[in-house]
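Q: What the sequence shown shows, in the numbering used here, is residues 509 to 811, in sequence order.
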Amino acid sequence: MAAAYIKSGGIVAFPTETVYGLGAGVFDEPAIAKIFEAKRRPADNPLIAHISGHEQVGLLAADVPAGASVLMEAFFPGPLTIVLQRSPAVPRLATAGLDTIGIRMPRYPLAQSFLLACGTPVVAPSANLSGRPSPTTWQAVLEDLDGRIDCILQSSGSEIGLESTVVDCTGDAPILLRPGAITLEQLRQIVPGTVSHEAADEEAPRSPGMKHAHYTPRASVWLVAPGEAITPARGSAYIGTGPPAFAVGVVCICSSPDEYARRLFEFFRECDRGGVEYIYCETVAETGIGAAVMDRLRRASTR
Ligand code: TXA
Ligand code: MG
509 MAAAYIKSGG IVAFPTETVY GLGAGVFDEP AIAKIFEAKR RPADNPLIAH
559 ISGHEQVGLL AADVPAGASV LMEAFFPGPL TIVLQRSPAV PRLATAGLDT
609 IGIRMPRYPL AQSFLLACGT PVVAPSANLS GRPSPTTWQA VLEDLDGRID
659 CILQSSGSEI GLESTVVDCT GDAPILLRPG AITLEQLRQI VPGTVSHEAA
709 DEEAPRSPGM KHAHYTPRAS VWLVAPGEAI TPARGSAYIG TGPPAFAVGV
759 VCICSSPDEY ARRLFEFFRE CDRGGVEYIY CETVAETGIG AAVMDRLRRA
809 STR
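1) Once you ignore the five residues that flank Thr645 on each side, which residues in its own chain have a CB closer than 7 Å to its CB?
2) Have a look at the DSSP bridge pairing and note the partners of Leu731.
3) Per DSSP, Val534 forms a beta bridge with which residues?
4) Are the Cβ atoms of Ala574 and Ile611 separated by less than 8 Å?
5) Does at least one heavy atom of ligand 1 sit under 7 Å from the Cβ of Ala610?
6) For Pro633, verify whether its CB is less than 7 Å away from any heavy atom of ligand 2.
7) Report the residue ranges of all beta strand (DSSP E) runs contained in full by the region 548-591; include only those spanning at least 3 residues, in chain order.
8) What number of angstroms, rounded off, separates the C-alpha of Gln620 from the C-alpha of Pro614?
9) Is it the case that the CB of Arg686 approaches a heavy atom of ligand 1 more closely than 7 Å?
10) Output the distance between the C-alpha atoms of Ile797 and Val578, rounded to the nearest integer angstrom.
11) What does the Cβ neighbour count give for Tyr528, buried or exposed, with the cut at 16 atoms within 10 Å?
12) Just verifying my parser: in three-state terms, what is the DSSP assignment at Ala712?
13) Could you pull out every residue in the same chain whose Cβ sits closer than 7 Å to the Cβ of Ala551, ignoring the five residues on either side in sequence?
14) Report yes or no: do three or more beta-carbon pairs, one from the region 585-594 and one from the region 638-658, lie closer than 8 Å?
15) Express the C-alpha separation of Asp536 and Arg777 in angstroms, rounding to a whole number.
16) Looking at ligand 2, does it come within less than 7 Å of Ser642, judged from the CB to the closest heavy atom?
17) So, using beta-carbon positions, are Ile787 and Pro725 closer together than 8 Å?
18) How is Ala755 classed by DSSP in three states: helix, strand or coil?
19) Hey, is Thr461 close to ligand 1, as in C-beta under 7 Å from one of its heavy atoms?
20) Just checking Glu651 against ligand 2 - is the residue's beta carbon closer than 7 Å to any of the ligand's heavy atoms?
21) Helix, strand or coil for Ser809 per DSSP?
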């Protein structure tokens, strides 16, 4: 049913293990244009193509270097996006004019059956209005995009809660562009030469999306160290893995960094719904999913 909308030129929000995506057929330029319009997405920010199987890589990429191929073998399906040289068959609109394309094979079963039914790769950014936190529930998709899209494929909340790890595999060594649930350490276990974006020291930004405002609630976000005592502003909220060292109205204590990742974007949205003005976010160690949590917190934060 949801796939029928894709086949007839519509745009569909669908769940994945990371966040909800807003999809269109990769070869359907008018539908891709609708995604940019619905999200109010800047035209220079490329989309990720979602595939149902390894055999679809050839439809999208002009070249698959050895590093990319072993990473895909190790982590597809899963929360990893691999950037490759784009096949000329892919419309430039999908990749915002770039010669490269991000490719991802989600592991979430409903995403897989949706993609299989579509019979074509599906380009999909996160299903939020541009600049807002990515949606981790179908209700959050509705909140941002009601009336602007054709269909929402409903499911329970996202399992990971943060967007996929993005790795550029077009050069000599893979470059980590966006941290996610697949960590730099895990990538290095497969390709030891993988470097982080900061270490790569190439002409920045390699990932156009990184220069845009991202993941931001309307409230101001402040980072606090574990146990740091501050004087909170009125109308404030707190999220972390330990209790706050100060009195605050709304508190979300997560049992682990994984739970922190899973709940963060929905907490931002809850705070906005409740009119919270300041959100204090506890910093976490940058190991495992912690690196991705800290990346999103820094992007959202005012200090
Ligand atoms: O987990 C995810 O990746 C989710 C789900 C729906 O799959 N999608 C997602 O898409 O987060 P989006 O559009 O919100 O973020 C894609 C990021 C952006 O920062 C974009 O600039 C970057 O990936 N990106 C996409 N294609 C690229 C390319 N060819 N080269 C470099 N960066 C690219
Ligand atoms: Mg996004």
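Where a beta carbon is used, it is the ideal one built from N, C-alpha and C, also for glycine.
A: The relevant details are as follows:
1) Around Thr645: Gly665 and Glu774.
2) Partner(s): Cys789.
3) Paired residues: none, contrary to the question.
4) With respect to Ile611, Ala574 sits apart: the two C-beta atoms are not nearer than 8 Å.
5) Note on identity: in this sequence residue 610 is Gly, with Ala being the wrong assignment. Yes, the beta carbon of Gly610 sits closer than 7 Å to at least one heavy atom of ligand 1.
6) Relative to ligand 2, the nearest heavy atom lies less than 7 Å away from the CB of Pro633.
7) Runs of the beta strand (DSSP E) inside the region 548-591: 556-558 and 569-571.
8) If I take the Cα positions, the gap works out to 7 Å.
9) Flag set: Cβ of Arg686 near ligand 1.
10) Here the alpha carbon of Ile797 sits roughly 22 Å from the alpha carbon of Val578.
11) Classification of Tyr528: buried, given that the 10 Å Cβ count is 16 or more.
12) Here Ala712 scores only 45 on pLDDT, less than 50, and its place in the model is too uncertain to base an answer on.
13) Contacts found: Phe544 and Ala604.
14) No, because fewer than three Cβ pairs between the region 585-594 and the region 638-658 fall closer than 8 Å, the two stretches do not touch.
15) For Arg777 and Asp536, the distance between alpha carbons rounds to 32 Å.
16) Within the cutoff, so yes.
17) In this structure, Pro725 lies closer than 8 Å to Ile787 by Cβ.
18) In the three-state reduction of the DSSP assignment, Ala755 falls in the coil class.
19) For residue 461 there is no data in the structure shown, the boundaries of the chain being 509 and 811.
20) No - ligand 2 has no heavy atom lying nearer than 7 Å to the Cβ of Glu651.
21) Residue state, collapsed to three classes: strand.
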